[in-house]
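Chains P and U, in that order, give the protein sequences. Residue 149 in the working numbering sits at position 100 of the first sequence, and the numbers go up by one each step. Residue 85 in the working numbering sits at position 81 of the second sequence, and the numbers go up by one each step. Built from N, CA and C at the ideal position, the CB exists for glycine as well. Let me begin by presenting the structure, written as structure tokens, before commenting on it.
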Amino acid sequence: MDCLRVTETLSALRDGEIVSAEDIGAAHVHCATCAGCATFAATLKRLDTLPTPHAPEALVERIIARAATEARVLREMAAENAAALAPAAPAIAGAPVAEAPRRRLLPSRVGGSWYFRPASLAAAAVVLLAVGVTAVTLMRPGAATVPDESASLTGPADGDTFGAMADSSAPEASLSAERASSDATAAAPDYVSFDGSVYILDGPAVDASSLTTVGVVATSLGEDEAPVERHAYLSARDREALLVKLPDGTYLRFSPVVRTHGQDRFVLQTGAAITAFGMWPTLPDGFIVPAGPDGSPSFQLFGHDDMGVAIYSLTTGRITTGFAIAPGTAPDDPAAGNPGWTWWAPAD
Amino acid sequence: MAPRPMSENDLVAAAAAGDEQAFAALVRAHSDAVFGHALRFFGDRQAAEDATQEVFIKVFRTIATFDGRARFSTWLFRVTRNVCLDMVRAGRRTPQPVDPLTLEPLSAADFADDVVASRAVEQAMGALAPEDREALGAVTLFGLSYADAATTLGVPVGTVKSRVFRARRTLTGIINGWDGGEGHGLPARH
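Below is the structure:
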């Protein structure tokens, strides 16, 4: 046994990996006569006894305190939301509503770029969706009896966001309702669908080499014409992209519309094929469009994705096959503007 | 009879159901590993503290989604790794590499002193290749098996084994003042 194998064996042994008794014996015999390997073995043994970095106690207590505070505020907000929901119930049943929020930020796409514009309001839809946005904040993910954070409780990931989150709940809920109402009138981004997944236009493909044909995409793209079947390709050099060939031989690059949960990627799905830019994806076949803002009877609140948006599982309570997102997400959300529920399936 | 201590699975389940004490217990049990990984990743205590806080807040918000198929420490390592990488991607923090040539070998007396030796080893960690340091941390700080580390890092088991070994070899070389370069710390074949 040479020095390299001996030291590799000693290293694996320290980690509890299975090493044959024969190799262990040979390594020990080798170390008895090899100063270098003996030093390596002794150093490894000594390293195991050294203290590793210790998290400052103040940091640990700060984390625990922050989590406790967050839990408490969530409980308080849930209680407030529950109280606020009661008088709003008639709106769910379609009762007339007098007035609505006045201004909103609606992402619209003109000339290929996003901009914000004021929009007219649909009062009943506003209240209905506001109730929906509020209602889904009531439950903690995975625990039916514990309140959860609302979308307003999940700010940017950087920095100490908790204070700002706790203070901004009411305005945010209102803004969400405004977004939701007007988004119902917005056109969808430049989507195509392929194999049930939704892709968004990035622009002309820069690298269209090493392509593999994967099928056809039926779309009119942005033209005012009937959908045309166009060849779709995957690129070995750009695995994220779906490339669609144009009649002039050039390609458009589309990327999947994704969101993440626990760092796992989920891709937006559609039941009906998207055959033109501006069409919204629909829930896949077999799903019943939720009748209530809480996702019932198809879905139930599950938790929040990495951006803090409420996600809904099937009534099985698991998201192994995907999850749903309610309408009314913020303008920077990948589902922004969609007037209906969306379904997101695991990317892999 | 004294109550039986909760197992880690019990703690995770309780924390997922909203038990703040259970979550606190998990933080106390795993904060050293998270902080250690972040400290070695960034080479900066403040960045490590920020990352540690972010990791546990993320865990707090998503623990109900932990399905128990993997060990909690495996999931925690994954979250920790991603938080550190995200902080770098976002330009919020930058790892501070250590030039191995600036490190002095330890005398026998220093190596026998826990405080001095520990500080020297942690400094030497900064001189490791990031992927080697990451694999070593997964195995020694979080207690992952080579197989679990391989799954989390997305590499073959043999690669984890090689990286851990290479990290140890380099550390041993720095501590003992062996020659640098490719064979840093590796006893010669004979």
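Would you check if the distance between the CB atom of I179(U) and the CB atom of A124(U) is smaller than 9 Å?
Result yes, Cβ atoms of I179(U) and A124(U) sit closer than 9 Å.
Cβ of E53(U) less than 9 Å from any chain P Cβ?
Taking Cβ atoms only, chain P reaches closer than 9 Å to E53(U), which makes this a yes.
Ends of the alpha helix (DSSP H) at D97(P)?
Residues 84 to 98.
May I have the straight-line CA-CA distance separating I67(P) from T58(P), to the nearest angstrom?
Taking the straight line from one Cα to the other gives about 10 Å.
When we look at the beta-carbon of A353(P) and count the other beta-carbons within 10 Å, is it buried (16 or more) or exposed?
Just to set this straight, residue 353(P) is His in the shown sequence, not Ala. Under this definition H353(P) is a buried residue.
Hey, quick one: how far does the beta strand (DSSP E) through E24(U) stretch, first residue to last?
First-last for E24(U): 24 to 46, but that is the alpha helix (DSSP H), not the beta strand (DSSP E).
Going by Cα to Cα distance, which pick from I249(P), G298(P), E119(P), L317(P) is closest to A396(P)?
That would be L317(P), whose Cα lies nearest to the Cα of A396(P).
How would you write the range of the beta strand (DSSP E) that L301(P) sits in, first residue to last?
From DSSP, the beta strand (DSSP E) with L301(P) extends over 300 to 305.
Around the Cβ of T144(U), are there at least 16 other Cβ atoms within 10 angstroms (buried) or fewer (exposed)?
By the 10 Å Cβ count, T144(U) comes out buried.
Let me check understanding here. Comparing Cα to Cα, which of M10(U), S122(U), Y150(U), L30(U) lies closest to F64(U)?
When only C-alpha atoms are compared, the closest one is L30(U).
Here's a check: name, in chain order, each residue in its chain whose Cβ is nearer than 7 Å to the Cβ of V241(P), leaving out the five neighbours to either side.
The residues are Y248, V266, T268, V293, F303, I323.
Flag T261(P) as yes if its beta-carbon sits less than 9 Å from any beta-carbon of chain U, otherwise no.
Cβ-Cβ to chain U under 9 Å: no for T261(P).
Hey, how far is the Cα of P333(P) from the Cα of D382(P)?
Those two C-alpha atoms are separated by around 20 Å.
Got a sec: is the Cβ-Cβ distance from R44(U) to anything in chain P below 9 Å?
Yes, R44(U) counts as interfacial toward chain P.
So if DSSP puts E278(P) in a beta bridge, which residue, or which two residues, is it bridged to?
DSSP lists A267(P) as partners of E278(P).
With a cut-off of 9 Å, does the C-beta of I179(U) fall near any C-beta of chain P?
Yes, I179(U) lies at the interface with chain P (some Cβ there is under 9 Å from its Cβ).
Could you check whether the Cβ of L108(P) sits closer than 9 Å to any Cβ belonging to chain U?
Chain U, which has a Cβ nearer than 9 Å to the Cβ of L108(P), makes this yes.
At a CB-CB cut-off below 8 Å, which residues of chain U make contact with L292(P)?
Ordered by position in chain U, no residue passes the 8 Å Cβ test against L292(P), which lies about 25 Å from the chain.
Less than 6 Å between C-beta atoms, sequence neighbours within five positions excluded: which residues of the same chain meet that for W79(U)?
F70, listed in sequence order.
Assign R121(P) to buried or exposed, taking buried as 16 or more other Cβ atoms, counted over all protein chains shown, within 10 Å of its Cβ.
Result: exposed.
Please confirm whether F60(U) and A52(U) have their CB atoms less than 9 Å apart.
The answer is no: Cβ separation not under 9 Å.
Which residue comes first and which comes last in the alpha helix (DSSP H) that contains T174(U)?
Here the alpha helix (DSSP H) through T174(U) covers 161 to 180.
Quick check on DSSP: helix, strand or coil for G141(U)?
Of the three classes helix, strand and coil, the one that applies to G141(U) here is helix, per DSSP.
First and last residue of the alpha helix (DSSP H) that includes F81(U)?
Residues 76 to 93.
Between the C-alpha atoms of T84(U) and G130(U), what's the straight-line distance to the nearest angstrom?
One C-alpha to the other measures close to 18 Å.
So G366(P) packs on W392(P), CB below 8 Å; how close in whole Å?
Wrong, their Cβ atoms sit about 16 Å apart, outside the cutoff.
By Cβ distance below 6 Å, which residues in the same chain neighbour G65(P) in space, the five residues on each side in sequence not counted?
So no residue of the chain qualifies.
Evaluate M328(P) with the Cβ neighbour count: other Cβ atoms within 10 Å of its Cβ, from every protein chain shown; 16 or more gives buried, anything less gives exposed.
With 16 or more other Cβ atoms within 10 Å, it is buried.
Quick one: using the 10 Å Cβ neighbour count with 16 as the cut-off for buried, is V55(P) buried or exposed?
Classification of V55(P): buried, given that the 10 Å Cβ count is 16 or more.
Could you tell me the distance, in whole angstroms, from the CA atom of A26(U) to the CA atom of G40(U)?
About 22 Å.
Per DSSP, which one or two residues make a beta bridge with I374(P)?
I374(P) pairs with T391(P).
Do P102(P) and E126(U) have their C-beta atoms within less than 9 Å of each other?
Yes. Within cutoff.
Count the other CB atoms within 10 Å of the CB of G22(U); is the residue buried (16 or more) or exposed (fewer)?
By the neighbour-count rule (16 or more Cβ atoms within 10 Å), G22(U) is buried.
If you follow the alpha helix (DSSP H) that S122(U) is part of, which residue opens it and which one closes it?
Taken as a continuous stretch (DSSP letters only), the alpha helix (DSSP H) holding S122(U) covers 118 to 129.
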